[in-house]
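Novice: Following this message is one structure expressed as structure tokens.
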Amino acid sequence: MPIKPKPLTFPKNFVWGVATAAAQIEGAAFEDGKGESIWDRFARIPGKVLNGDTLDVANDHYHRYPQDFALMRKLGIKNYRLSVSWPRIYPNGDGEINPKGLEFYNKLINSCLKHGITPWVTLFHWDLPQSLEDRGGWTNRATADAFAVYAETVVKALSDRVKNWITLNEIVCFTLLGYSKVGDKAPGRKESEKVVNQTYHHALLCHGHAVKAVRNFGGKGARVGITDNSAVPIPVTETPADIAAARAWFIEKNSRILEPIYTGRYSADHKKRMGADMPDVQKGDLGLISLPTDFLGLNIYTGAFVRAAKGKRYEELPLPADFPRSSCPWLNIMPQVLYWGTRLPAEIYKVPAIYITENGCGYDVETLTESGEVHDLHRRDLVRNYLHELHRAIADGVPVKGYFLWSFMDNYEWQDGYTRRFGIVHCDFKTQKRTPKTSAKWYAKVIAENRLV
Ligand code: BGC
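109 is the number of the first residue of the sequence shown in this note's numbering; add one for each residue after it.
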């Protein structure tokens with residue numbers, strides 16, 4: 109009997125791209141008037157970042173972006189998610205503007221477009237100006253006011269060429285993981301639960317300010333959304349009972365961020381859980397936070413297994429010690445997160461469009477063969493399996509419109525420095541030589557054919 113494989117084709121106009129962030133690739137940390145960021149400071153505290161790696165040079169993208177865009181074009185990459193560095197535009201976070209910072213992003217965007225690549229710009233990807241941190245950072249409501257001015261400045265400057273805006277990247281990672289005892293990210297403070305909840309709330313205000321800036325100054329066709337790394341459950345069996353448990357888990361775990369954005373309130377359940385640790389909320393805050401957006405960006409890497417249990421809303425199963433994972437201890441390999449991680453928010457919050465703004469994996473040992481290749485078959489395999497689940501979500505009617513692989517090239521992986529490689533392009537940090545890995549060549553084919561190959 110002849111076998112006729114069915115092609116796993118993605119919808120017409122599906123957005124395929126790659127992602128990076130300013131602090132992780134630009135380098136030039138103190139060039140052309142850029143101010144110090146909390147990560148510049150944090151990296152210099154002994155013991156905070158593996159090998160004491162700093163962001164000073166990184167991929168030197170600040171000087172090499174034309175070559176990087178040329179390489180993207182060669183790989184057929186048509187969409188690129190990047191971020192703008194706040195301390196490059198406002199070295200102190202507020203006050204005096206740095207014209208050279210704006211000039212850099214003007215040139216960068218022009219070069220991106222010249223190479224036929226559509227930019228997707230994130231306004232904040234963790235590099236808070238140190239000067240604002242010195243005044244309280246995310247614990248201080250004034251940080252949100254400063255952000256409002258910064259967001260407006262950037263949108264005004266680039267909106268004639270940039271139409272896709274992302275307000276913030278992963279609130280959890282610069283609030284909870286930077287300001288509580290469970291965190292290992294900058295600025296490395298250890299605050300109380302109440303203060304941490306306040307940092308979330310201030311970040312949500314920034315999201316609202318950025319939405320407003322895009323609506324007011326984005327021009328025709330501008331679209332805006334947040335990128336969240338929502339916690340994702342996988343129902344152990346796809347039965348109504350386990351799915352209901354997963355749904356309850358999803359709502360509860362993401363109630364700090366998605367509920368206020370999509371419902372305009374902190375839910376009764378959330379308030380009950382937080383008790384006296386609820387943040388101070390001022391009149392008008394929730395209206396700002398819940399301004400309508402055009403899409404939800406999701407960074408999805410991993411998740412948790414959940415099932416129904418008697419007398420409880422859900423039960424989360426502990427992962428066995430030898431569950432397959434990448435080199436990151438947190439990145440357990442669970443392709444189904446791209447199915448449930450998109451389906452659940454679409455169902456619960458009626459999100460009109462979803463983009464996977466990050467997905468990928470990090471490995472510590474990725475060496476060049478004698479012929480100068482990097483056979484990262486584990487990455488190719490992982491991305492393929494995850495995309496298979498994303499395809500299933502789309503086939504079931506989930507409005508997923510695009511996928512950005514993290515990351516275009518190996519870069520500064522925050523507290524793991526340059527050891528942990530997430531790129532589909534290998535970077536030799538001594539010579540700055542870029543080498544597309546096997547996964548990049550495979551992904552180029554996926555993009556070209558708009559299907560899983
Ligand atoms: C972040 C990236 C990071 C990646 C891998 C995401 O949490 O947005 O900046 O490099 O995950 O850890």
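By construction, the Cβ of each residue, glycine as well, lies at the ideal position given by its N, Cα and C atoms.
Is Asn277 close to the ligand BGC? I mean its beta-carbon at under 6 Å from any heavy atom of the ligand.
Specialist: Flag set: Cβ of Asn277 near the ligand BGC.
Novice: Since Gly329 and Lys271 should fall inside the 8 Å C-beta cutoff, what is the C-beta to C-beta distance between them, to a whole number of angstroms?
Specialist: Indeed, because the Cβ distance is near 5 Å, the residues count as touching under 8 Å.
Novice: Could you tell me the distance, in whole angstroms, from the CA atom of Ile279 to the CA atom of Lys112?
Specialist: Roughly 46 Å separates the two Cα atoms.
Novice: Taking 6 Å as the cut-off, does the CB of Ala129 come closer than this to any heavy atom belonging to the ligand BGC?
Specialist: Yes, since a heavy atom of the ligand BGC falls inside the 6 Å radius drawn around the Cβ of Ala129.
Novice: So who's on the other strand from Trp124, going by DSSP bridges?
Specialist: Answer is Tyr511, bridged to Trp124.
Novice: Determine which residues share a DSSP beta bridge with Thr226 and list them.
Specialist: DSSP output for Thr226 lists Asn187 as bridge partner(s).
Novice: Considering only their Cβ atoms, is the gap separating Ser239 from Gly201 smaller than 7 Å?
Specialist: Going by C-beta atoms, Gly201 is nearer than 7 Å to Ser239.
Novice: Does any residue of chain B bring its CB to less than 7 Å from the CB of Gly449?
Specialist: No chain B appears in the structure shown, which is made up of a single protein chain.
Novice: Count the other CB atoms within 10 Å of the CB of Ser300; is the residue buried (16 or more) or exposed (fewer)?
Specialist: Exposed, because fewer than 16 other Cβ atoms sit within 10 Å of the Cβ of Ser300.
Novice: Is it right to say Ala384 is buried, meaning 16 or more other beta carbons lie within 10 angstroms of its own, or is it exposed?
Specialist: Per the 10 Å Cβ criterion, exposed.
Novice: Return the bridge partner residues of Trp273 from the DSSP annotation.
Specialist: DSSP lists Val229 and Val332 as partners of Trp273.
Novice: Between Ser479 and Cys535, what straight-line distance do the alpha-carbon atoms span, to the nearest angstrom?
Specialist: C-alpha separation (whole angstroms): 16 Å.
Novice: Check whether the region 411–418 and the region 337–352 touch, using three or more Cβ-Cβ pairs below 8 Å as the test.
Specialist: At 8 Å Cβ cutoff, the stretches touch.
Novice: Name the residue from Phe122, Pro195 and Phe537 whose alpha carbon lies nearest to the alpha carbon of Glu139.
Specialist: The shortest C-alpha separation from Glu139 is found at Pro195.
Novice: Compute the Euclidean distance between the alpha carbons of Thr283 and Ala311, then round it to the nearest angstrom.
Specialist: Straight-line Cα distance between these residues: approximately 8 Å.
Novice: For the alpha helix (DSSP H) holding Phe255, just list the boundary residues, first then last.
Specialist: Segment Ala250 to Leu266, the alpha helix (DSSP H) holding Phe255.
Novice: Going straight from the alpha carbon of Ile334 to that of Ala429, what length do you get?
Specialist: Rounded to whole angstroms, Ile334 to Ala429 spans 34 Å at the Cα level.
Novice: Just tell me which of Ala352, Leu396 and Lys320 has its CA closest to the CA of Pro368.
Specialist: Ranking Ala352, Leu396 and Lys320 by Cα distance to Pro368 puts Leu396 first.
Novice: So, Phe537 versus Tyr526, is the Cβ gap smaller than 7 Å?
Specialist: Cβ atoms of Phe537 and Tyr526: closer than 7 Å.
Novice: Given a threshold of 16 other Cβ atoms within 10 Å of its Cβ, counted over all protein chains shown, does Arg528 qualify as buried or as exposed?
Specialist: Burial call: buried.
Novice: Taking its Cβ as the centre, do 16 or more other Cβ atoms sit within 10 Å of Asn218, making it buried, or is it exposed?
Specialist: Asn218 is exposed by the Cβ-count criterion.
Novice: Mapping DSSP to helix, strand and coil, what is Ser479?
Specialist: If DSSP states are grouped into helix, strand and coil, Ser479 belongs with coil.
Novice: As a quick exercise: from Val561, Leu560 and Ile555, pick the residue whose alpha carbon is nearest that of Gly125.
Specialist: Among Val561, Leu560 and Ile555, the Cα nearest to that of Gly125 is on Ile555.
Novice: Counting only the same chain and skipping the five closest in sequence on each side, list residues whose C-beta sits under 7 Å from that of Asp524.
Specialist: Hits under 7 Å: Leu158.
Novice: Is the beta carbon of Tyr370 closer than 7 Å to that of Tyr511?
Specialist: The answer is no: Cβ separation not under 7 Å.
Novice: Using only alpha-carbon positions, find the residue among Tyr213, Asn214, Ala503 and Ala294 that is nearest to Trp246.
Specialist: Among Tyr213, Asn214, Ala503 and Ala294, the Cα nearest to that of Trp246 belongs to Ala294.
Novice: Rounded to the nearest angstrom, what separates Trp438 and Pro110 at their Cα positions?
Specialist: The alpha-carbon atoms of Trp438 and Pro110 are separated by roughly 43 Å.
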